[in-house]
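In this note's numbering, the protein residues as written are 1 to 297. Backbone N, C-alpha and C define an ideal beta-carbon position, used for all residues, glycine too. A quick note: this is a predicted structure, and the numbers were derived from the prediction, not measured. Reading through the structure tokens given below for one structure.
Next comes the structure, spelled out in structure tokens:
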């Protein structure tokens, strides 16, 4: 029950983050309340002055008495009236215009930090644990734009099952460690990489366009393929990887679709590498037919 509650709270914060980011991106956001959870969220944003705080034209009419509370200025009275009018429209299901306040932008920044903090590593201590991936990807997506593309890289090691079957899982673990270290070295501080299962890795690369993502993928392949992992006293094995790349400039992209695009491209790369004999790595880009093969150095 506690885990369900935490998950629900996390989802609520993500939805708030997405709404704040959309209001900020649009400048003036016209909102028509249709579903209760979202309407309640907007009411809260307005109530907490995260939206529409002092967002109205105002000029004092010296001939008009304020008629407000004792000590209340005309500006305060006008703000309060605007606030009440917005709430009435929301509760009546009518369209309202929303603009993010300075306080709202601070809240947006705080949510981004809170939702991506407190991560733990996978068992090898090299990459981030996959449980954080979906949330971090959704946070990264809100900043995607033409000027700041977001790229997602999906990586999967070639021949891991064959290595496990032939030399055992200890040998497979040695190969996984070398693989994760190569990915971490290539990405460095440019983004975040997550182990989402077995040997499947996703890397989130903010501000990376297609060309930059492909270049970094080639670096990952080159670093890994230089490794000769020691399996026995006199036996070493060379490694290769399949890489799929998906890039978006649309903050409205569904994160599950972006994952699928990267995953599908990775499987195309894996198929091409397999056809070439599995000794080379493959890199495929969603939306492009060509698969780049990187041969052993």
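Query	Result
Euclidean distance between Cα positions of residue 185 and residue 192	11 Å
Presumed contact (8 Å Cβ cut-off) between residue 162 and residue 150, rounded CB distance	Not confirmed; about 34 Å, so no contact.
Helix, strand or coil at residue 244 [DSSP, three-state]	strand
Proximity below 9 Å, CB of residue 111 to CB of residue 20	yes
Spatial distance of residue 272 from residue 282 (CA atoms)	7 Å
Near the ligand NAP: residue 232 beta-carbon under 8 Å from a heavy atom	Ligands are entirely absent from the displayed structure, and the ligand NAP is therefore not among its contents.
Ordered list of beta strand (DSSP E) runs contained in the stretch 134-164, each at least 3 residues	150-157
Residue 275 (DSSP reduced to helix, strand or coil)	helix
Nonlocal neighbours in the same chain, by C-beta distance under 6 Å from residue 236, ignoring five residues either side	228, 230
At least 3 beta-carbon pairs within less than 8 Å: the stretch 249-266 vs the stretch 279-296	yes
Secondary structure of residue 255, DSSP reduced to three states	helix
Inter-residue Cα distance where the pair is residue 113 and residue 35	28 Å
Residue 228 - containing beta strand (DSSP E), residue span	228-232
Test item: CB-CB of residue 224 and residue 216 under 9 Å	no
Host alpha helix (DSSP H) of residue 282 (start-end)	Premise fails: residue 282 lies in the beta strand (DSSP E), 281-285, not in any alpha helix (DSSP H).
Nearest-angstrom Cα separation, counted from residue 240 out to residue 181	13 Å
Distance CB(residue 280)-CB(residue 295) smaller than 9 Å	yes
Separation of residue 22 from residue 258, as counted between CA atoms	19 Å
For residue 127 and residue 24, believed in contact at Cβ under 8 Å, the rounded distance	Rounded, the Cβ-Cβ distance is 31 Å, inconsistent with contact.
Status (buried if at least 16 other CB within 10 Å, exposed otherwise) for residue 214	buried
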